[in-house]
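Per our numbering, the very first residue in the sequence shown carries number 5; after that it's consecutive.
Virtual Cβ for every residue (Gly too), placed ideally from N, Cα, C.
Worksheet: one structure, shown below.
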Amino acid sequence: MQLNDRYFLNPAHLELARARYFTKDDNGKPSEKDIDEVFCRTVKYIYKDDSKEHPDEALRFRREKKVI
5 MQLNDRYFLN PAHLELARAR YFTKDDNGKP SEKDIDEVFC RTVKYIYKDD
55 SKEHPDEALR FRREKKVI
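Right, here's the structure in full:
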């Protein structure tokens, strides 16, 4: 799911997110392309010791824009 164009109203906010939240490769370049990848990675980490339904449900709610 591509969210960069819909999630960030100001292009400067996307650049801040790339600098702060996107994982980086060995050269310091973002290895993630879209903020959705960041959300998915974070949700999987938060729910790593939980059942599979909980991260799936959290991502579903976020994709429905009920939770960000």
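If you run the structure through DSSP and keep just helix, strand and coil, what is residue i?
{"i": "Lys48", "result": "helix"}
{"i": "Phe65", "result": "helix"}
{"i": "Asp9", "result": "helix"}
{"i": "Asp40", "result": "helix"}
For residue i, write down the residues that DSSP places opposite it in a beta bridge.
{"i": "Lys28", "result": "Pro34"}
Look at residue i and residue j and say whether their C-beta atoms are less than 8 Å apart.
{"i": "Asn8", "j": "Ile39", "result": "yes"}
{"i": "Thr27", "j": "Ser35", "result": "yes"}
Can you give the Cα-Cα distance for residue i and residue j, rounded to whole angstroms?
{"i": "Pro59", "j": "Glu41", "result": "14 Å"}
{"i": "Leu18", "j": "Lys33", "result": "14 Å"}
{"i": "Ala16", "j": "Ala23", "result": "11 Å"}
{"i": "Asp30", "j": "Lys37", "result": "16 Å"}
{"i": "Leu20", "j": "Glu57", "result": "31 Å"}
According to the neighbour-count rule (16 or more other Cβ atoms, all chains shown, within 10 Å of its Cβ), is residue i buried or exposed?
{"i": "Ala62", "result": "buried"}
{"i": "Phe43", "result": "buried"}
Does the beta carbon of residue i sit closer than 8 Å to a beta carbon anywhere in chain D?
{"i": "Gly32", "result": "Among the chains in the structure shown there is no chain D, since it carries only a single protein chain."}
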